[in-house]
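Number of protein chains: 2
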Amino acid sequence: MPQLRLALNQIDATVGDLAGNADAVVRRTRHAADRGAHFVAFPEMVLTGYPVEDLALRSSFVEASRAALHALAGRLAAEGLGDTPVLVGYLDRSDERHRYGLPAGSPEDAAAVLHRGEVVLTFAKHHLPNYGVFDEFRYFVPGDTMPVVRVAGVDIALAICEDLWQEGGRVPSARTVGAGLLVTVNASPYELNKDDTRLELVRKRAQEAGCTTAYVAMTGGQDELVYDGDSIVVDERGEVVARAAQFTEECLLVDLDLPAAPAEPPAGLADDGLRVEHVTLSAEPVAPYPRRYAGTVAGRLSDAEEMYTALVTGLRAYVAKNGFGSVLVGLSGGIDSSLVAAVACDALGAEHVYGVSMPSRYSSQHSRDDAAELARRTGLHLRSVPIGPMFDAYMASLGLTGLAEENLQSRLRGTLLMAVSNQEGPLVLAPGNKSELAVGYSTLYGDSVGAYGPIKDVYKSAVFRLAKWRNEVAAGRGEVPPIPENSIAKPPSAELRPDQVDTDSLPEYDVLDAILELYVDRDLGGAEIVARGYEPELVERVLRMVDAAEYKRRQYPPGTKISPKGFGKDRRLPITNRWRERV
Amino acid sequence: MPQLRLALNQIDATVGDLAGNADAVVRRTRHAADRGAHFVAFPEMVLTGYPVEDLALRSSFVEASRAALHALAGRLAAEGLGDTPVLVGYLDRSDERHRYGLPAGSPEDAAAVLHRGEVVLTFAKHHLPNYGVFDEFRYFVPGDTMPVVRVAGVDIALAICEDLWQEGGRVPSARTVGAGLLVTVNASPYELNKDDTRLELVRKRAQEAGCTTAYVAMTGGQDELVYDGDSIVVDERGEVVARAAQFTEECLLVDLDLPAAPAEPPAGLADDGLRVEHVTLSAEPVAPYPRRYAGTVAGRLSDAEEMYTALVTGLRAYVAKNGFGSVLVGLSGGIDSSLVAAVACDALGAEHVYGVSMPSRYSSQHSRDDAAELARRTGLHLRSVPIGPMFDAYMASLGLTGLAEENLQSRLRGTLLMAVSNQEGPLVLAPGNKSELAVGYSTLYGDSVGAYGPIKDVYKSAVFRLAKWRNEVAAGRGEVPPIPENSIAKPPSAELRPDQVDTDSLPEYDVLDAILELYVDRDLGGAEIVARGYEPELVERVLRMVDAAEYKRRQYPPGTKISPKGFGKDRRLPITNRWRERV
Chain A
235 MPQLRLALNQ IDATVGDLAG NADAVVRRTR HAADRGAHFV AFPEMVLTGY
285 PVEDLALRSS FVEASRAALH ALAGRLAAEG LGDTPVLVGY LDRSDERHRY
335 GLPAGSPEDA AAVLHRGEVV LTFAKHHLPN YGVFDEFRYF VPGDTMPVVR
385 VAGVDIALAI CEDLWQEGGR VPSARTVGAG LLVTVNASPY ELNKDDTRLE
435 LVRKRAQEAG CTTAYVAMTG GQDELVYDGD SIVVDERGEV VARAAQFTEE
485 CLLVDLDLPA APAEPPAGLA DDGLRVEHVT LSAEPVAPYP RRYAGTVAGR
535 LSDAEEMYTA LVTGLRAYVA KNGFGSVLVG LSGGIDSSLV AAVACDALGA
585 EHVYGVSMPS RYSSQHSRDD AAELARRTGL HLRSVPIGPM FDAYMASLGL
635 TGLAEENLQS RLRGTLLMAV SNQEGPLVLA PGNKSELAVG YSTLYGDSVG
685 AYGPIKDVYK SAVFRLAKWR NEVAAGRGEV PPIPENSIAK PPSAELRPDQ
735 VDTDSLPEYD VLDAILELYV DRDLGGAEIV ARGYEPELVE RVLRMVDAAE
785 YKRRQYPPGT KISPKGFGKD RRLPITNRWR ERV
Chain B
235 MPQLRLALNQ IDATVGDLAG NADAVVRRTR HAADRGAHFV AFPEMVLTGY
285 PVEDLALRSS FVEASRAALH ALAGRLAAEG LGDTPVLVGY LDRSDERHRY
335 GLPAGSPEDA AAVLHRGEVV LTFAKHHLPN YGVFDEFRYF VPGDTMPVVR
385 VAGVDIALAI CEDLWQEGGR VPSARTVGAG LLVTVNASPY ELNKDDTRLE
435 LVRKRAQEAG CTTAYVAMTG GQDELVYDGD SIVVDERGEV VARAAQFTEE
485 CLLVDLDLPA APAEPPAGLA DDGLRVEHVT LSAEPVAPYP RRYAGTVAGR
535 LSDAEEMYTA LVTGLRAYVA KNGFGSVLVG LSGGIDSSLV AAVACDALGA
585 EHVYGVSMPS RYSSQHSRDD AAELARRTGL HLRSVPIGPM FDAYMASLGL
635 TGLAEENLQS RLRGTLLMAV SNQEGPLVLA PGNKSELAVG YSTLYGDSVG
685 AYGPIKDVYK SAVFRLAKWR NEVAAGRGEV PPIPENSIAK PPSAELRPDQ
735 VDTDSLPEYD VLDAILELYV DRDLGGAEIV ARGYEPELVE RVLRMVDAAE
785 YKRRQYPPGT KISPKGFGKD RRLPITNRWR ERV
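As they're listed, the protein sequences go chains A and B. For the first sequence, counting from 1, position 496 maps to 730 in this note's numbering; every step adds exactly one. For the second sequence, counting from 1, position 433 maps to 667 in this note's numbering; every step adds exactly one.
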């Protein structure tokens, strides 16, 4: 059987940075070519970053992407890398096709094979995702070809991301055209446990395709999305041949023994009417290399480590790609801001993390102590600015009471953080968790202030789990656990009035989070939630709070999505909404 | 020719308020039936409100909509209105069909004919809009029938909104089935000059359908969208028979002489494979009524009046439908907050509008005078709370300079407004205009604070036009012009440092707005804008400012859309974005 050395480049890309992304492709191609790779693949839309959202509708950007692709082909050849075929995702347009609602010349989520200075084959994603965070019917026309490229005597069928997730189209077509290998390029956003789903999917599709199947994944972060890597190669029986680690950039190299291509190249139509486009780059099998890359299979992260690493990755990407060098966190001594600070220290280094303690007359001594202890353990910079004078100035002018007085304290802190940020430059992080955001247990323009909300998709019960897990990891490594035990152990409180605790206003977090998960993430109605054994009055109260907080969520900063349904593009509810669930 | 008395009920609906919307349908049907109408039509999804966004994905809501439709049919009959066929839009689901990406049982944007206590015919929108503010491929499966109902011996073909805007489908099918009348139900969001486009469209489609065509429109507002009414009836030659006013609820009644239906009802397939569904409710022509409704043709509003009325309608709807009774505006004496206050007074009555003047050391005497003059002219409630003490408290703790000091003043005012809102209940309005939002000339959590931004889609040059127009209208009516002339005449300034004016940082607004309109609304690239005669350096600077302000816009409150592309669901750009337009 012919041998093929495949290089899957699991890398990060930055939206809009055509030059920087092209540089990465060249650098990584050289790395792979130096190691004798016959075919080098990069993730979906690696040249433009993903998702580009409405940039896809701006023709100047589409044309720049096309030009960058051709320049990249030339540059690879000029740098002596032209003989190695490179599969690279980019943004294209179609002059020939157009679909309902999109004008002629509509954009395509495309990929191209570059070889000897030329763009030898291009194709567009056939299945377009249009659910959850995806709006691809808004942007793209679907591809209608079945691309196959012959390399070293092996026919490689090509596909893009959703082509693998949906039934039909290019997966069965790979079998129909007799491909020896199916390579799919992907930018599939992280969700908890998606790696398990993904592995099962790739195994199933490889069996349907009847050939070895390689899945090259993106890693890194873009606004609310994180890509967890996890590139995979499985054989035609669905057995794992190689698997990359999660959340890392790497080149997964593997030597494959693959069926020789048929003498007569495939042509005509494949499944679902896809038109076969076949290009032969090299028909002769290569001599097997002396040193063989058998393929490594990286271990999986535990659930807690996976979630935590996603939060670190998302925050690091947001800060770096937006040109910031440091972050600022208001430290209350509570578990939310402590976890955010720990994530920030892991993402950026403690020397780039600034904390401000902003005590009021209602702040307990343990709050101040716990914030100081967090700083001592992690090494982040801490200062303390009491808000008493500002509070007194407002109270003297306005004489506030009750909720207005509580919210005032939170907003004085928000204003203080923004003032420090404006004066000194760090990016402010909002410490809100998903439970708070869901029920509106936060102050708009107060604790919701920030450019990024690192834990906005983490329920409070998971906040506790992650804090404990992070401390255990540190202890296991012989390091100081970053989060003070008291911050984890004490009852959560906003400390905006004397002796306040969260359970004054909210049910216990384990019950609350269970109800929220059913309503927010799974879209169940009130009666369905009650049928699962929760108190009707409680369910009704929680659902009312969620509905009433929609206007707050609309103004909340972006933050890393880790669940199937975050409070971002994947949940789009009207603010003006009189629908109330019955229980 | 048979006569038919048609009633087009151009009404408002509230998203999620199934009971309230059904009440309106019953009340309006009685009004029409009392006047002898033979066929009564309501707008698209009038029973649920429109758009319901992700409520369409919640099965409890879909089932509630279906149940409400059947209850409505029964109630109409029980109240003696069963003999009049009623066409009403609602949310349904299809058990039989499903489309790619949507599971079986997927939702439909549907309409039904109710008659004698029964739902006698249902159908779903065939063409689904998925551009601009629309995401209908996310939600709905398309209808594949051609619904026709025979009433008083006339065959009435039925369609929903986008069915009229796209080529093919139900419009040519109306001709194919020999319909005597085509009735379309709509919820088409307002944009400046859309009424002209709409009239031309209806005239063209009537000629294609070969029959009299009636367009029943929604009015009112939902979050960022405003519906401007403008229901229209044109005959088969495209001549206007009747036209409702803009932005008003009304019942447009018109007597039509229409061709008799064929002896053999249409069946089989119509254009684009649509399956004909024909129901006969009454085959015998009615005797013409003694008093004839010839159909009124309401006049059009001028551009300025149309825009201003849209702003009033949008704000009024948001405040009322979210259960508020009053609003709060920070009054600087500048034109933006003055226009917002004037709009609020027109929307809610001056007695429900609260203004706060919040002078600082940099506030000019004319600012305080102009705010007081505005209050005097409009009758709104005004108080003054100087921010000096709060400013001094922060400066003593933090020692801020430059931009940090400027932003602090703005945020102190934001916090002050929110404190008054929390204490007393009014909803805060954000005074930012589209030019400011575009270039980021505003302070996050400062002047951007608010639940609603009434003029967020109005460029600064249009702010001046609307202020002048509103004053002229008042003068023409012999009323006091609401906006002080000095607020219109003086150079715009944020007054956050001594002698500051907007043109310190920004180009003149007429030039700025022209560039913004090309970039934001029309998605032109930098080179294309320069090719229209603007300075390359200026274009580059403006485009950089727009790109860099994306994170601010993401946290801005919702506000009324009046342009083809507002800063809402119709413009979706990544925050993390290194793409920079070349000039």
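Yeah, the Cβ is synthetic: ideal placement off N, Cα and C, and Gly gets one too. Computed from a predicted model, the values in this text were never measured in an experiment.
Exercise for the section: Establish whether the CB of N243/B and some CB of chain A are separated by less than 7 Å. Expected result: Taking Cβ atoms only, chain A never reaches closer than 7 Å to N243/B, which makes this a no.
Handout entry: First through last residue of the alpha helix (DSSP H) which encompasses G710/A
Key = G710/A -> alpha helix (DSSP H) spans K694 to G710.
Practice task
Tell me, please, which residues DSSP counts as bridged to C579/B.
Solution key: Within the DSSP bridge table, the entry for C579/B names no partner.
Practice task
Could you tell me the boundaries of the alpha helix (DSSP H) in which G636/B lies?
Solution key: Per DSSP, G636/B is one residue of the alpha helix (DSSP H) stretching across G636 to E658.
Handout entry: Straight-line gap, Y449/A to P277/B (C-alpha atoms, nearest Å)
Key = In a straight line, the C-alpha of Y449/A is about 48 Å away from that of P277/B.
Handout entry: Within chain A, the residues that R525/B reaches when beta carbons sit closer than 7 Å
Key = Residues of chain A whose Cβ lies closer than 7 Å to the Cβ of R525/B do not exist; the shortest such Cβ separation is about 39 Å.
Handout entry: Local conformation of R814/B per DSSP, three classes
Key = Here R814/B carries a coil assignment [DSSP, helix/strand/coil].
Problem - A627/B versus M624/A - alpha carbon distance - result: Annotation: A627/B to M624/A spans about 5 Å, alpha carbon to alpha carbon.
Practice task
Determine the chain D residues that contact N641/B at a beta-carbon separation under 8 Å, and present them in chain order.
Solution key: In the structure shown, chain D cannot be found, because the protein chains are A and B.
Practice task
With DSSP as the reference, label D246/A as helix, strand or coil.
Solution key: In the three-state reduction of the DSSP assignment, D246/A falls in the coil class, being assigned neither a helical nor a strand state.
Exercise for the section: Quick one: residues in its chain with C-beta nearer than 6 Å to the C-beta of H349/B, no 5 flanking neighbours on either side, listed in chain order? Expected result: Within the same chain, and ignoring the five residues on either side of H349/B in sequence, the residues whose Cβ sits closer than 6 Å to its Cβ are P319 and L515.
Handout entry: Distance between E713/A and R525/A (C-alpha atoms, nearest Å)
Key = About 40 Å.
Practice task
Could you tell me which of E815/A, M235/A, R812/A and R814/A sits nearest to P519/A, measuring between CA atoms?
Solution key: Closest option to P519/A, Cα to Cα, is M235/A.
Problem - Endpoints, the beta strand (DSSP E) within which I717/B is located - result: Judged by DSSP secondary structure, I717/B falls outside any beta strand (DSSP E); it is assigned neither H nor E.
Practice task
Check whether the Cβ of E631/B lies closer than 7 Å to any Cβ atom in chain A.
Solution key: It should be noted that the sequence gives Ser, not Glu, for residue 631/B. So yes, S631/B belongs to the interface.
Exercise for the section: Can you check DSSP and say which residues form a bridge with C485/A? Expected result: Bridge partners of C485/A: N243/A.
Handout entry: Cβ contact (3+ pairs, closer than 8 Å) linking the segment 554 to 568 of chain A and the segment 696 to 712 of chain A
Key = Output reads no: the segment 696 to 712 of chain A does not touch the segment 554 to 568 of chain A.
Problem - C-beta neighbour in chain A for A638/B, strict 7 Å - result: Cβ-Cβ to chain A under 7 Å: yes for A638/B.
Handout entry: Heavy atom of the ligand NAD within 6 Å of S618/B beta-carbon
Key = In the structure on display, the ligand NAD does not appear, and there are no ligands present to speak of.
Handout entry: Neighbouring residues, chain A, relative to R775/B (Cβ below 9 Å)
Key = Residues of chain A passing the Cβ test: none, with the nearest at roughly 17 Å.
Practice task
My understanding is that V280/B touches G323/B, with C-beta atoms under 8 Å, so please give their C-beta distance in whole angstroms.
Solution key: Yes, they are in contact, since the Cβ atoms of V280/B and G323/B sit about 5 Å apart, within 8 Å.
Practice task
Find the residues of chain A that neighbour R645/B, judging by a C-beta separation of less than 9 Å, and give them in chain order.
Solution key: The contacting residues are R645, G648, T649, M652, A653 and Y679.
Practice task
Select from L700/B, C445/B and I394/B the residue whose C-alpha is nearest the C-alpha of T410/B.
Solution key: Among L700/B, C445/B and I394/B, the Cα nearest to that of T410/B belongs to C445/B.
Handout entry: Through-space distance from E370/A to R333/A, alpha-carbon basis
Key = With a pLDDT of 47 at R333/A, under the threshold of 50, the modelled position of this residue cannot be trusted, and the question is left open.
Practice task
Just grab the DSSP bridge partners of I466/B for me.
Solution key: Answer is Y449/B and R477/B.
Exercise for the section: Using alpha carbons as the reference points, say which of G412/B, R404/B and I390/B lies closest to Q237/B. Expected result: Q237/B has its Cα closest to that of I390/B, out of G412/B, R404/B and I390/B.
Practice task
Using the DSSP secondary-structure output, state which residues sit across from Y342/A in a beta bridge.
Solution key: The sequence as given places Glu at residue 342/A; Tyr does not occur at that position. E342/A is bridged to D326/A.
Handout entry: Within chain A, the residues that A761/B reaches when beta carbons sit closer than 8 Å
Key = Against A761/B, the close residues of chain A are S294, in the order they occur along the chain (beta-carbon pairs closer than 8 Å).
Problem - Residue from G412/A, P725/A and H265/A with nearest C-alpha to D738/A - result: The alpha carbon of D738/A has as its nearest neighbour, out of G412/A, P725/A and H265/A, the alpha carbon of P725/A.
Practice task
Might you give, ordered along the chain, the residues of its own chain that have their beta carbon closer than 6 Å to the beta carbon of L418/A, omitting 5 neighbours on each side?
Solution key: Per the sequence presented here, residue 418/A reads as Thr, with Leu not at that position. Correct list, in chain order: A393, L398 and Y449.
Problem - CB contact below 7 Å: N811/A versus chain B - result: N811/A counts as touching chain B.
Problem - Interface residues of chain B facing A627/A [CB-CB closer than 7 Å] - result: At a C-beta separation below 7 Å, A627/A has these neighbours in chain B: P623, M624 and A627.
Exercise for the section: Whole angstroms is fine: what's the gap from Q898/A's alpha carbon to A728/A's? Expected result: Since the displayed chain A opens at 235 and closes at 817, residue 898/A lies outside it and no answer follows.
Practice task
Output, in chain order, the set of chain B residues within a Cβ distance shorter than 7 Å of F371/A.
Solution key: Per Cβ cutoff of 7 Å: N364 and F371.
Problem - Span separating the alpha-carbon of L852/B from that of G502/B - result: Residue coverage of chain B in this structure runs from 235 to 817, which leaves residue 852/B outside it and unanswerable.
Practice task
Measuring only between beta-carbons, confirm whether E287/B sits less than 7 Å from chain A.
Solution key: Chain A, which has a Cβ nearer than 7 Å to the Cβ of E287/B, makes this yes.
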